[in-house]
Amino acid sequence: HPLCSTGIISRVLEKNGFSVGIIEQPDWKNNKDFLKLGKPNLFFGVTSGAMDSMIDNYTPLKKERQYDKYSKYISKKPDRAVIVYCNKLKENFKGIPIVIGGIESSLRRFGHYDYWINDIRRSILLDSRADILCYGNSEYSITEIAKRLKKNMDIDGIEGTCVSAKEIPKGFEELPDFESISKDDEQSKKNFCRMQIMFSNSKNLAQKHGNRYVLQHKMHDYTTKELDEIYELPYSRDIPAKADYFKGMQFSIVTHRGCFGRCSFCSLPLHQGIKIVSRSEESILNEIKQLTKHKDFRGYIDDLGGPSANMYGMDCKLKCDDCLNCAKLDKSHSRLIHLLRKARQIKNVKKIFIRSGIRYDLALESEEYMKEISKHHISGCLKIAPEHSDEDVLKLMNKNYLGKFNKFVKKFNEINKPLNQYLKCYFMTGHPGCTIENSKELAKFFEKINVESVQIFTPTPMTLSTCMYYTGLNPYTLEKIYVPYTYSEKKEQKRIVYRRK
1 HPLCSTGIIS RVLEKNGFSV GIIEQPDWKN NKDFLKLGKP NLFFGVTSGA
51 MDSMIDNYTP LKKERQYDKY SKYISKKPDR AVIVYCNKLK ENFKGIPIVI
101 GGIESSLRRF GHYDYWINDI RRSILLDSRA DILCYGNSEY SITEIAKRLK
151 KNMDIDGIEG TCVSAKEIPK GFEELPDFES ISKDDEQSKK NFCRMQIMFS
201 NSKNLAQKHG NRYVLQHKMH DYTTKELDEI YELPYSRDIP AKADYFKGMQ
251 FSIVTHRGCF GRCSFCSLPL HQGIKIVSRS EESILNEIKQ LTKHKDFRGY
301 IDDLGGPSAN MYGMDCKLKC DDCLNCAKLD KSHSRLIHLL RKARQIKNVK
351 KIFIRSGIRY DLALESEEYM KEISKHHISG CLKIAPEHSD EDVLKLMNKN
401 YLGKFNKFVK KFNEINKPLN QYLKCYFMTG HPGCTIENSK ELAKFFEKIN
451 VESVQIFTPT PMTLSTCMYY TGLNPYTLEK IYVPYTYSEK KEQKRIVYRR
501 K
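In terms of my numbering, the sequence shown opens at residue 1 and continues consecutively.
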């Protein structure tokens with residue numbers, strides 16, 4: 001399935017002439033599963049899937065998820081799955097290169113704060129003893145690795161990868177070293193903040209760990225042509241019975257990659273990146289036509305979008321890092337509106353849903369777009385994520401758009417009252433800067449709107465919010481900020497808003 005990273009990587013490698021064997025969710029307590037495909041010709045690729053194994057296995061209060069009655073999916077992954085899998089392969093296959101990738105590897109590629117041990121950990125590249133790490137979207141890097149290993153060439157210097165080296169090459173920017181960020185003192189936390197601000201996918205970066213360096217080669221700049229080729233590969237989209245939780249996404253279509261929203265708590269900026277790369281309209285329409293021939297297709301496209309559905313077509317080649325506030329960016333939604341109208345005309349398509357979420361502040365730029373999705377692409381309700389109601393908390397989240405939220409709600413209600421459709425909103429408690437009093441105000445705010453869910457903030461590796469959580473500082477100003485650290489306060493903040501709800 002093109003929403004499954006392992007599926008995409010496999011198809012891309014096959015297209016380039018390589019054969020791929022997949023050992024799915026191996027039993028990590030014995031060797032049998034790790035041996036069943038034998039020794040690979042080139043390398044082992046290791047991923048823990050679409051979610052960091054620690055987030056997969058534990059709730060925000062560090063409770064094991066298999067005891068969570070609300071979870072439809074139970075992880076079979078071990079804690080720190082990438083490291084565990086690599087150790088198993090090292091035990092059984094001496095001298096075979098190991099390539100690690102996926103979200104767990106991508107966002108642990110440098111020294112990072114680990115919420116589950118409440119301490120700083122080294123780069124996962126070193127702890128896993130892998131030969132190379134692919135971060136972000138890795139179709140380009142994994143193909144280049146395979147081609148080089150086939151020719152017995154060196155795999156250093158590939159875009160979108162990290163390697164370990166004894167020295168820093170020219171053209172690399174050096175991050176604060178691991179020793180200087182891992183001490184529990186004020187200066188170390190300031191160094192940690194400096195490191196956070198220096199993180200970027202578009203730079204060659206280096207970080208010293210002891211007597212070695214972790215080198216990041218800047219990410220490959222994907223093009224529309226490359227994305228079209230990736231998503232036009234022959235994915236079966238067949239969903240096995242054991243993955244029935246995936247049924248509602250079977251006929252989802254990816255229109256673009258990246259997100260320039262840069263929410264502080266989000267992993268996307270340092271994974272997919274902050275620039276939009278859109279597929280061509282022709283490629284997307286052809287994919288929809290192919291879906292209408294699938295044996296399970298009943299006329300409904302489950303989702304058409306990306307990290308933020310209404311960023312399609314907002315590609316920009318300028319070197320600035322703030323597309324959201326850039327006056328030069330075309331925010332008219334014209335390309336997206338044209339795509340939606342063309343897609344609806346395809347034979348045997350009854351309805352195309354937009355479920356991947358939209359940026360309401362961007363949607364305000366085009367009343368035509370709001371009318372378009374309201375009339376044709378919503379089924380009863382539209383879900384958005386204002387996250388909080390307090391201006392100071394929103395500023396720390398980099399979502400300081402409460403005024404725009406209120407305008408959006410008013411405009412949406414005007415358009416959708418005759419259609420009997422409404423908004424549902426996602427919120428977050430326990431984020432750095434959020435106090436008990438803030439939660440009480442948020443509870444009052446809930447009286448005005450429909451609430452879909454409230455989650456407790458989870459500090460995930462390499463995000464700006466996690467930096468605030470660990471250091472207790474605003475990384476840009478180094479001013480101290482309030483952080484709710486205790487489980488009791490985190491639970492109380494959530495109780496307050498849920499009691500009012």
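Cβ atoms here follow ideal geometry from the backbone N, Cα and C, with glycine treated the same way.
Bear in mind that the values here come from a model prediction, so they are computed numbers and not experimental data.
Top-ranked residue by Cα proximity to residue i, from the options
i	options	result
residue 174	237, 110, 125	110
residue 423	58, 438, 358	358
residue 406	95, 386, 34, 104	386
residue 295	325, 201, 348, 91	348
residue 41	64, 101, 151	151
residue 96	126, 211, 315, 39	39
residue 113	490, 398, 19, 462	462
residue 116	234, 389, 365, 458	458
residue 82	362, 47, 56	47
residue 488	456, 259, 377	456
residue 265	468, 135, 132	468
residue 271	25, 102, 29, 361	102
residue 181	216, 120, 217, 164	120
residue 256	105, 308, 337	308
residue 420	433, 277, 378	378
residue 228	495, 12, 242	12
residue 28	62, 92, 43, 60	92
Classification of residue i by the beta-carbon crowding that lies within 10 angstroms, buried from 16 upward
i	result
residue 381	exposed
residue 465	buried
residue 486	exposed
residue 130	buried
residue 418	exposed
residue 223	exposed
residue 32	exposed
residue 438	buried
residue 345	exposed
residue 341	exposed
residue 85	buried
residue 384	buried
residue 476	exposed
residue 530	Past the edges of the chain, shown from 1 to 501, lies residue 530, and the structure says nothing about it.
residue 153	exposed
residue 280	exposed
residue 187	exposed
residue 52	buried
residue 453	exposed
residue 478	exposed
residue 36	exposed
residue 137	buried
residue 320	exposed
residue 22	exposed
residue 64	exposed
Short CB-CB distance (under 8 Å) between residue i and chain C
i	result
residue 314	Protein chain content of the structure displayed is limited to a single chain, and chain C is not contained in it.
Start and end residues, alpha helix (DSSP H) containing residue i
i	result
residue 329	Run containing residue 329: none; DSSP gives neither H nor E here.
residue 56	53-57
residue 7	5-15
residue 194	186-198
residue 103	103-106
residue 436	436-445
residue 181	178-181
residue 33	32-35
residue 482	Here residue 482 belongs to no alpha helix (DSSP H), and DSSP marks it neither H nor E.
residue 175	Premise fails: residue 175 is in no alpha helix (DSSP H) and is neither H nor E.
Inter-residue CB distance, residue i and residue j (contact presumed, cutoff 8 Å)
i	j	result
residue 170	residue 212	Not a contact, Cβ separation roughly 18 Å.
residue 436	residue 374	Contact flag wrong, Cβ pair sits at about 37 Å.
residue 273	residue 219	6 Å
residue 300	residue 351	5 Å
residue 430	residue 490	4 Å
residue 408	residue 442	Not really, about 18 Å apart at Cβ, beyond 8 Å.
residue 160	residue 141	4 Å
Unbroken beta strand (DSSP E) run spanning residue i, endpoints
i	result
residue 451	451-456
residue 476	Neither: residue 476 is in no beta strand (DSSP E) and is coded neither H nor E.
residue 89	Here residue 89 belongs to no beta strand (DSSP E); instead the alpha helix (DSSP H) covers 81-92.
residue 61	Element bounds for residue 61: n/a, residue is neither H nor E.
residue 113	112-114
residue 318	Counting along the chain, residue 318 falls outside any beta strand (DSSP E), and DSSP gives it neither H nor E.
residue 42	From DSSP, residue 42 is part of no beta strand (DSSP E); its letter is neither H nor E.
residue 121	119-121
**Message:** I'd like the ranges of any alpha helix (DSSP H) spanning at least 4 consecutive residues and lying wholly in the region 123-166.
**Reply:** 124-128, 139-150
**Prompt:** Curious, which full-length alpha helix (DSSP H) runs of at least 4 residues does the region 352-423 contain?
**Reply:** 360-363, 367-376, 391-397, 402-416
**Asked** Where are the beta strand (DSSP E) runs, 3 residues long or more, that stay fully inside the region 210-284, in chain order?
**Response** 212-216, 252-254
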